[in-house]
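Shown next, in structure tokens, is the structure this report addresses.
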Amino acid sequence: MLPKASQIRPFNFFIVSTCKVDGKDVAVVAPYERDPSKWCDLEWVRTDNGEILTGEQKQGLKTVAHKLVWCLVNKIADSRV
Numbered sequence: 014m015l016p017k018a019s020q021i022r023p024f025n026f027f028i029v030s031t032c033k034v035d036g037k038d039v040a041v042v043a044p045y046e047r048d049p050s051k052w053c054d055l056e057w058v059r060t061d062n063g064e065i066l067t068g069e070q071k072q073g074l075k076t077v078a079h080k081l082v083w084c085l086v087n088k089i090a091d092s093r094v
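Each number in the working numbering corresponds to the 1-based position in the sequence shown with 13 added.
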């Protein structure tokens, strides 16, 4: 058996996202939750200063998938010009 410090624990997992705060993209983290419909109810913490996001700020959460789709759509649109 692995030593306790090397074992997987529930708090070893988290979700990373970004949101707009004061016009800037800010990285935020929250405890892991498998169901995306529950993500707005989680306590999201800014990685730059440790502040907890307000309900209004949570509405702008964007996942890596959102960013990738945005980049792909814009890249395709740019290539058609």
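The C-beta atom is built at its ideal place from N, Cα and C for all residues, glycine as well.
Gln-72 sits away from Val-34, with the two beta carbons spaced by 9 Å or more. Straight through space, the alpha carbons of Ser-30 and Pro-49 are spaced by roughly 12 Å. Judged by DSSP secondary structure, Lys-37 falls outside any alpha helix (DSSP H) and instead within the beta strand (DSSP E) spanning 37-44. Distance check between Phe-27 and each of Val-39, Lys-17, Leu-15, Pro-44 places Pro-44 closest, using alpha-carbon atoms only. Inter-residue distance for Lys-75 and Cys-32 is about 6 Å (C-alpha atoms, whole angstroms).
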